[in-house]
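Here is the structure we will look at.
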Amino acid sequence: MSKLTIAAFALLGGLMAGPALAQDAGGYPPGMSAADIDKLERAETERLNNAVLERDARTVAANEAEAARFVREQAEFEAARAAHDRAQAQYEAEAAAAEAARVRYEAEMAR
Numbered sequence: 014m015s016k017l018t019i020a021a022f023a024l025l026g027g028l029m030a031g032p033a034l035a036q037d038a039g040g041y042p043p044g045m046s047a048a049d050i051d052k053l054e055r056a057e058t059e060r061l062n063n064a065v066l067e068r069d070a071r072t073v074a075a076n077e078a079e080a081a082r083f084v085r086e087q088a089e090f091e092a093a094r095a096a097h098d099r100a101q102a103q104y105e106a107e108a109a110a111a112e113a114a115r116v117r118y119e120a121e122m123a124r
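For the sequence shown, my numbering begins at 14 and goes up steadily by one.
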């Protein structure tokens, strides 16, 4: 390779690496004391813990609302089942009475 090609590759590599090198690598600002870092870390931990607790509280509230809805709907279902059972018993009693009347009618007609 010629010196010009090597220089072109070096320039291209530098241009490509520039944005990566300019990015903030994170971490703490220069000159922060260990106590300041500890305070910052504790505050962030507390913030994250509070966020988790709030999320958990919302989840618990949603679960309790769902449980209450289930209990309410279960009671409605049981009431509907009881009404159905009463209606079924009434139908069967009426059907038995109708059958008894038919048997009496046929017995009278047979005489």
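We put the CB at the ideal spot given by N, CA and C, even for glycine.
Length of the line joining the Cα atoms of residue i and residue j
{"i": "A92", "j": "A102", "result": "15 Å"}
{"i": "N63", "j": "E79", "result": "24 Å"}
{"i": "R132", "j": "V73", "result": "The displayed coordinates of the chain run from 14 to 124. Any statement about residue 132 would go beyond what the structure contains."}
{"i": "A88", "j": "A75", "result": "20 Å"}
{"i": "A109", "j": "A123", "result": "21 Å"}
{"i": "A70", "j": "A106", "result": "54 Å"}
{"i": "E77", "j": "V84", "result": "11 Å"}
{"i": "R115", "j": "F90", "result": "37 Å"}
{"i": "I19", "j": "P43", "result": "37 Å"}
{"i": "Y118", "j": "E112", "result": "10 Å"}
{"i": "L66", "j": "A48", "result": "26 Å"}
{"i": "G40", "j": "L53", "result": "12 Å"}
{"i": "L24", "j": "S15", "result": "14 Å"}
{"i": "A100", "j": "E86", "result": "21 Å"}
{"i": "E121", "j": "Y104", "result": "25 Å"}
{"i": "E57", "j": "R68", "result": "17 Å"}
{"i": "R55", "j": "L61", "result": "10 Å"}
{"i": "I50", "j": "G26", "result": "36 Å"}
- Which runs of the beta strand (DSSP E) fall wholly inside the segment 56-95 and span at least 3 residues, in chain order? none
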